[in-house]
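Student: Going letter by letter, the sequence shown gives residues 1 to 201 in my numbering.
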Amino acid sequence: MPRHFSTQEQKMIRNKLIEKGKELIAIFGLKKTTISDLTKAVGISKGSFYNFFASKEELLFTIFKLEGNKLRKKISQEILNSSRDAAKSIKELIKLILKEMDDNPIINRIYNSDDLNYVYQKLSQEQWKENRELSVDALIPVIEIWQKEARIIEKDPELIISVIRAVVFISLHKKEIGEEIYPETIDLLIDIVTKGLTMRR
Numbered sequence: 001m002p003r004h005f006s007t008q009e010q011k012m013i014r015n016k017l018i019e020k021g022k023e024l025i026a027i028f029g030l031k032k033t034t035i036s037d038l039t040k041a042v043g044i045s046k047g048s049f050y051n052f053f054a055s056k057e058e059l060l061f062t063i064f065k066l067e068g069n070k071l072r073k074k075i076s077q078e079i080l081n082s083s084r085d086a087a088k089s090i091k092e093l094i095k096l097i098l099k100e101m102d103d104n105p106i107i108n109r110i111y112n113s114d115d116l117n118y119v120y121q122k123l124s125q126e127q128w129k130e131n132r133e134l135s136v137d138a139l140i141p142v143i144e145i146w147q148k149e150a151r152i153i154e155k156d157p158e159l160i161i162s163v164i165r166a167v168v169f170i171s172l173h174k175k176e177i178g179e180e181i182y183p184e185t186i187d188l189l190i191d192i193v194t195k196g197l198t199m200r201r
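Written out as C-alpha cells, the structure is:
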C-alpha cells in the first residue's frame with residue numbers, strides 16, 4: 001500500500017519525478033522508461049507513483065508543458081518585449097525555438113521520436129488544446145501591436161502563428177531535406193517567410 005506523504009514531501013517527490021523523468025526519457029524514450037525506473041530513481045514504491053501522475057504519459061505531458069512555459073518566458077524576455085523591428089524579432093523567435101529543439105535533450109527526444117504521437121493518443125484533446133492555446137495566447141498580443149503599427153501583414157494572428165510553427169516543424173525533416181543542405185535551406189526559408197510576413201502590401 002502506497003505510504004502517505006506530507007504536503008512538503010509531495011511537492012519534493014513530484015519535482016524529483018519530473019527531473020528524473022526528463023533525464024531518463026531523454027536517454028531511453030518514453031516506451032523504454034518504466035514506472036519502476038522512475039520510482040526507483042526517486043526512492044518511492046511503484047504504487048506511490050500514482051499519487052502524483054495517472055500515467056507516465058501524463059508525466060511526459062507535464063514535462064512538455066513545463067519546458068514550453070520556460071521557452072515562452074525566454075521568448076517574452078529576450079524577443080517579444082524588445083524594441084527591435086518585427087522582421088528581426090520573428091527571425092530570432094524562429095531561431096530560438098529551433099535552437100531549443102536541438103539543444104534541450106528532452107525536447108529534442110520528444111520531437112525526434114514517436115513519443116509525442118504516443119502521448120497524443122493517450123491523453124485528451126482538451127489537454128492538448130489547452131497547451132496549444134498557451135503558445136498562441138502568448139504571441140497574439142504582440143502580433144496585434146505590430147499590425148497596428150503597420151509592421152506586419154494584416155492577416156489573422158493565429159494564421160501568422162501557424163506559419164511560424166510550420167517553419168519550425170520543418171526541422172523535423174532534416175534527413176528528408178538532406179542534412180548537408182539543411183542549414184542553408186532553413187536560413188533561406190526563414191528569410192523568405194520573415195519578409196513575407198512583414199512586407200506591407
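The beta carbon of each residue, even a glycine, is placed where N, CA and C say it ideally should be.
Because the structure is a prediction, the values reported are computed rather than measured.
Restricting to runs no shorter than 4 residues, where is the alpha helix (DSSP H) found entirely within the region 114 to 150?
Tutor: DSSP runs (the alpha helix (DSSP H)) wholly in the region 114 to 150: 115 to 122 and 125 to 148.
Student: Apply the 10 Å Cβ neighbour rule to Ala166 and answer buried if 16 or more other Cβ atoms are within range, or exposed otherwise.
Tutor: Ala166 should be labelled exposed.
Student: Smallest Cα separation from Asp114: which of Lys31, Asn51 and Ile63?
Tutor: When only C-alpha atoms are compared, the closest one is Lys31.
Student: If we count the other Cβ atoms within 10 Å of its Cβ and call it buried at 16 or more, is Ile192 buried or exposed?
Tutor: Exposed, by the Cβ-count rule.
Student: When you compare the region 67 to 81 with the region 95 to 104, are there three or more beta-carbon pairs, one atom per stretch, that lie closer than 8 Å?
Tutor: The answer is yes - the region 95 to 104 touches the region 67 to 81, with three or more Cβ pairs under 8 Å.
Student: Pairs of beta-carbons, one from the region 38 to 53 and one from the region 127 to 138, closer than 8 Å: are there three or more?
Tutor: Not touching, per the Cβ criterion.
Student: Considering only the alpha carbon of each residue, which of Asp137, Lys95, Gly29 and Ile181 lies closest to Val119?
Tutor: When each option's Cα is compared against that of Val119, the closest is Gly29.
Student: Using the Cα positions of Ser171 and Glu23, report the straight-line distance between them to the nearest angstrom.
Tutor: So the alpha carbons of these two residues sit roughly 23 Å apart.
Student: Would you kindly report the start and end of the unbroken alpha helix (DSSP H) that includes Lys31?
Tutor: Neither: Lys31 is in no alpha helix (DSSP H) and is coded neither H nor E.
Student: Just the C-alpha distance for Asp156 and Pro183, rounded to the nearest angstrom, thanks.
Tutor: Computed Cα separation, rounded: 29 Å.
Student: State the Cα-Cα distance for the pair Gly196 and Ile181, rounded to the nearest angstrom.
Tutor: Rounded to the nearest angstrom, the two C-alpha atoms are 23 Å apart.
Student: Note down, in chain order, each residue of its chain lying with its Cβ closer than 6 Å to the Cβ of Arg14, except the 5 sequence neighbours on either side.
Tutor: Correct list, in chain order: Phe52.
Student: Look at Ile79 and Leu93 and say whether their C-beta atoms are less than 8 Å apart.
Tutor: Taking 8 Å as the Cβ cut-off, Ile79 and Leu93 qualify as a contacting pair.
Student: With burial defined as no fewer than 16 other Cβ atoms inside 10 Å of the residue's Cβ, what is the status of Thr33: buried or exposed?
Tutor: Answer is buried; the Cβ neighbour count reaches 16.
Student: So is Leu134 buried or exposed if we call it buried at 16+ other beta carbons inside 10 Å?
Tutor: Label assigned to Leu134: exposed.
Student: Is the beta carbon of Val142 sitting closer than 8 Å to the one on Ile97?
Tutor: It is not a contact, given that the beta carbons lie outside the stated cut-off.
Student: My output table needs one value for Met199: the three-state DSSP class, helix, strand or coil.
Tutor: It is coil, neither helix nor strand.
Student: Rounded to whole angstroms, what is the Cα-Cα separation between Gln185 and Glu9?
Tutor: With the sequence shown as reference, residue 185 is identified as Thr, and Gln is not the correct amino acid for it. About 49 Å.
Student: Hey, could you find the ends of the alpha helix (DSSP H) Ser6 is sitting in?
Tutor: It is not in any alpha helix (DSSP H) - Ser6 carries neither H nor E in the DSSP assignment.
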